[in-house]
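Residue numbers (this note's numbering): 79 to 244.
Pasting the structure below:
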């Protein structure tokens, strides 16, 4: 595992937190999500073992999820970077329900090369029943955020510079 990953965060621990989030909610609000989150670990649907390959690949591509609050609404930017080339997806998001769900739509994708916009394209809005979401599981003061995606996999992100390791 790469330096900085809190190895105590296991699928079992996340499943226990998820059970509590389903019954009691997380209490998370938009302000708790604001930041530039670096992807650290992923667990495929139905697996208790983190995917080492996917985790290493996505960390190597500097996969990140940036969440901003603008005029009372959430804006999301999901991106991967290889050297000076960045592929990104952007769009609005909203928290729904007590758990809550972070629903979002990526309405724009683009490619930046050496910090300059090189290509951009509008994306069609998904059908309402296909809207992507993250079912939020928890966020810790040490700087990690965990959620289950629409496809059923678990993901854990961390704010840079916050490791929570003893």
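Note that the Cβ used here is the ideal one computed from N, Cα and C, for glycine as well.
Predicted model, so just to flag it, every value in this text is computed and none were measured.
Three-state secondary structure (DSSP) of residue i
i	result
residue 96	helix
residue 130	helix
residue 207	helix
residue 192	coil
residue 225	strand
residue 219	coil
Cβ-based burial, residue i [other Cβ within 10 Å; buried from 16]
i	result
residue 126	exposed
residue 147	exposed
residue 90	exposed
residue 228	exposed
residue 121	buried
residue 133	buried
residue 197	exposed
residue 135	exposed
residue 97	exposed
residue 150	exposed
residue 168	buried
residue 207	exposed
residue 226	buried
residue 195	exposed
residue 205	exposed
residue 157	buried
Beta carbon proximity, residue i to chain C, threshold 8 Å
i	result
residue 216	Note that chain C does not occur in the displayed structure, where there is just one protein chain.
Cβ neighbours of residue i in the same chain (closer than 7 Å, five flanking residues each side left out)
i	result
residue 181	171, 172, 174, 209, 211
residue 106	178, 214, 217
residue 103	176, 177
residue 113	145, 237
residue 183	169, 170, 203, 204, 209
Neighbourhood of residue i by C-beta distance below 8 Å, restricted to the same chain and skipping five residues each side
i	result
residue 109	147
residue 116	137, 140, 141, 142, 235, 236, 237, 238
residue 193	162
residue 187	165, 166, 167, 168, 198, 199, 201
Contacts around residue i, its chain only, beta-carbon distance under 6 Å, and the 5 residues preceding and following it disregarded
i	result
residue 230	123
Sheet register partners of residue i (DSSP bridge)
i	result
residue 238	Residue 238 is not bridged to any residue.
residue 202	Paired residue(s): none; residue 202 is not in a bridge.
residue 169	154
residue 177	Answer is none; residue 177 lacks a bridge partner.
| query | Going along the chain, which unbroken runs of the beta strand (DSSP E) with 3 or more residues stay wholly within the segment 105 to 162? | reply | 113 to 121, 142 to 148, 151 to 160
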